[in-house]
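> Residue numbers (the UniProt record's numbering): 1 to 393.
Think of the CB as a built atom: it goes at the ideal place given N, C-alpha and C, for glycine as much as any other residue.
Being a predicted model, the structure only gives us computed values, none of them experimental.
Structure in structure tokens, see below.
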């Protein structure tokens with residue numbers, strides 16, 4: 001059999017652009033595109049083989065195909081071809097009769113649908129969060145992130161595990177069942193997002209934020225679940241809580257230390273007051289009385305002056321003024337401090353000179369320097385008045 005056409009319906013021209021005569025003169029390789037020609041040869045060879053083996057019905061079943069044909073204008077069409085053998089009296093193939101139907105519109109629709117489904121699938125699988133559609137206690141579809149993050153194979157998820165089986169504890173399972181039952185009953189769910197712990201294939205716990213919604217899938221009600229892995233966020237929150245607890249503990253410890261320090265400072269001030277009072281009392285009771293008795297003895301003028309100076313200095317030591325006076329006069333020399341002290345006591349230059357074994361001019365020079373250091377050079381106020389006021393502050 002040379003597979004040359006002996007009759008072609010004139011309608012072929014409407015479909016392919018070739019006349020019936022032109023089509024009958026074409027070989028199969030000219031009629032079909034390269035891929036479809038190869039497929040056609042395989043189908044024909046298989047049909048002849050089935051027929052040779054006595055499987056006429058099998059051969060007729062095999063001899064059905066969808067093949068792409070060339071058109072006269074250079075375009076192509078898709079055709080559904082159904083063919084049967086014409087057998088001679090001995091049951092051998094004498095010819096083939098076939099019916100061709102243009103299915104280009106259907107193929108384009110299928111191609112568009114395939115591309116749409118492929119685009120949807122790519123979009124579905126490109127989402128980083130696990131997504132699953134749950135129906136009749138089984139996970140019927142899930143994206144690649146679902147399998148990647150949870151680690152279960154599709155067979156394990158569909159046959160053994162199920163979405164509920166992934167939940168770590170029975171409490172989460174009860175909540176999930178309750179939410180889905182409420183949704184299927186048309187009731188509102190609050191909150192829209194809930195949190196569950198899921199066990200992955202390695203037995204590790206994955207904390208998830210889950211949102212769900214009722215949808216139609218394959219003509220039936222189903223539950224759409226979207227999971228978000230928040231394990232790292234939970235770890236961060238836990239770390240923050242630990243740090244906050246640590247900080248609170250440190251703050252409490254610091255507050256306790258500050259309270260203890262305040263107690264110590266208060267005790268120090270009390271001790272200071274006690275020491276000052278004790279020193280004051282001891283000087284007044286144990287020293288001053290004996291100085292007073294000493295002044296009542298027969299002293300010469302110089303000795304009496306020395307006793308007065310000692311008494312005066314002791315009074316300054318126990319006076320609140322002593323600290324301020326010392327601070328004010330840190331810039332005075334030792335001799336200037338002695339002279340200033342005697343001036344404050346009302347001593348004249350001559351008396352000061354005798355007490356300190358200095359000449360009167362030297363004492364006068366020191367008085368001028370003291371006035372200058374106290375800023376009294378051009379003032380009318382006397383040095384004695386200034387020192388007295390300072391002492392009384």
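With a threshold of 8 Å on Cβ separation, who are the neighbours of residue 9 within its own chain once the five nearest residues in sequence on each side are excluded?
On the chain shown, position 9 is the one that residue 9 refers to. Taken in chain order, the residues that qualify are 20.
> For a quick check, are the C-beta atoms of residue 383 and residue 343 less than 9 Å apart?
Taking the first residue of the chain shown as position 1, residue 383 is located at position 383. Taking the first residue of the chain shown as position 1, residue 343 is located at position 343. The answer is yes: Cβ separation under 9 Å.
> Are there 16 or more other CB atoms within 10 angstroms of the CB of residue 67, so buried, or fewer, so exposed?
By 1-based counting over the chain shown, the position of residue 67 is 67. Result: buried.
> With the cut-off set at 9 Å, would you say residue 214 and residue 131 are in Cβ contact?
Taking the first residue of the chain shown as position 1, residue 214 is located at position 214. Taking the first residue of the chain shown as position 1, residue 131 is located at position 131. Cβ distance not < 9 Å, so residue 214 and residue 131 don't count as in contact.
> Tell me the rounded alpha-carbon separation between residue 338 and residue 269.
Numbered from 1 along the chain shown, position 338 holds the residue referred to as residue 338. Numbered from 1 along the chain shown, position 269 holds the residue referred to as residue 269. When rounded, the distance between both Cα atoms is 31 Å.
> Provide the residue span of the alpha helix (DSSP H) that contains residue 84, from first to last.
One-based indexing of the chain shown puts residue 84 at position 84. First-last for residue 84: 76-87, but that is the beta strand (DSSP E), not the alpha helix (DSSP H).
> Since residue 81 and residue 65 should fall inside the 8 Å C-beta cutoff, what is the C-beta to C-beta distance between them, to a whole number of angstroms?
If you number the chain shown from 1, residue 81 lands on position 81. If you number the chain shown from 1, residue 65 lands on position 65. With a Cβ gap of about 5 Å, residue 81 and residue 65 count as contacting.
> For a quick check, are the C-beta atoms of residue 84 and residue 32 less than 9 Å apart?
As a first step, residue 84 must be located in the chain shown, where it is residue number 84. As a first step, residue 32 must be located in the chain shown, where it is residue number 32. Cβ distance not < 9 Å, so residue 84 and residue 32 don't count as in contact.
> Using DSSP with H/G/I as helix, E/B as strand and the rest coil, what is residue 288?
The residue you call residue 288 lines up with position 288 of the chain shown. Here residue 288 sits in helix by DSSP.
> Put residue 380 into one of helix, strand or coil per three-state DSSP.
If you number the chain shown from 1, residue 380 lands on position 380. It is coil, neither helix nor strand.
> What are the boundary residues of the beta strand (DSSP E) that residue 140 is part of?
As a first step, residue 140 must be located in the chain shown, where it is residue number 140. Per DSSP, residue 140 belongs to the beta strand (DSSP E) from 138-142.
> Looking at the structure shown, is residue 146 part of a helix, part of a strand, or coil, going by DSSP?
Start at 1 with the first residue of the chain shown, and residue 146 comes out as number 146. Note: residue 146 maps to helix in three-state DSSP.
> Between the C-alpha atoms of residue 13 and residue 63, what's the straight-line distance to the nearest angstrom?
Position 13 of the chain shown, counting from 1, holds the residue named residue 13. Position 63 of the chain shown, counting from 1, holds the residue named residue 63. Residue 13 and residue 63: Cα-Cα distance of roughly 24 Å.
> Could you pull the DSSP bridge partners for residue 205 from this structure?
Looking up residue 205 in the chain shown gives position 205. Answer by DSSP bridge pairing, in chain order: 199.
> Which word fits residue 73, buried or exposed, when buried means at least 16 other C-beta atoms lie within 10 angstroms of its C-beta?
Along the chain shown, read from residue 1 onward, the residue named residue 73 stands at position 73. Per the 10 Å Cβ criterion, exposed.
> Which residues does DSSP pair with residue 394 in a beta bridge?
It is not possible to answer for residue 394, since the shown part of the chain is limited to 1 through 393.
> What does the alpha-carbon distance come out to for the pair residue 114 and residue 41?
As a working note, residue 114 is residue 114 in the chain shown. As a working note, residue 41 is residue 41 in the chain shown. Taking the straight line from one Cα to the other gives about 27 Å.
> Could you check if residue 236 is buried or exposed, using at least 16 other CB atoms within 10 Å of its CB as the buried criterion?
Position 236 of the chain shown, counted from the first residue, corresponds to residue 236. Exposed: under 16 other Cβ atoms inside 10 Å.
> Would you check if the segment 135-153 and the segment 233-249 touch, i.e. whether three or more CB-CB distances between them fall below 8 Å?
Touching, no.
> Around the Cβ of residue 317, are there at least 16 other Cβ atoms within 10 angstroms (buried) or fewer (exposed)?
Along the chain shown, one-based indexing puts residue 317 at 317. The residue in question, residue 317, is exposed, as its Cβ has fewer than 16 Cβ neighbours within 10 Å.
> For residue 387, is the classification buried or exposed, using 16 other Cβ atoms within 10 angstroms of its Cβ as the cut-off for buried?
Counting from one through the chain shown, the residue named residue 387 turns up at place 387. Residue 387 is buried by the Cβ-count criterion.
> Just reading off the beta strand (DSSP E) that residue 66 is part of, what are its end residues?
By one-based count along the chain shown, residue 66 stands at place 66. First-last of the beta strand (DSSP E) with residue 66: 64-70.
> How long is the line joining the alpha carbons of residue 248 and residue 333, rounded to whole angstroms?
Here the question's residue 248 lines up with position 248 in the chain shown. Here the question's residue 333 lines up with position 333 in the chain shown. When rounded, the distance between both Cα atoms is 55 Å.
> Less than 9 Å separating the beta-carbons of residue 149 and residue 3?
Residue mapping note: residue 149 aligns to position 149 of the chain shown, counting from 1. Residue mapping note: residue 3 aligns to position 3 of the chain shown, counting from 1. Contact: no.
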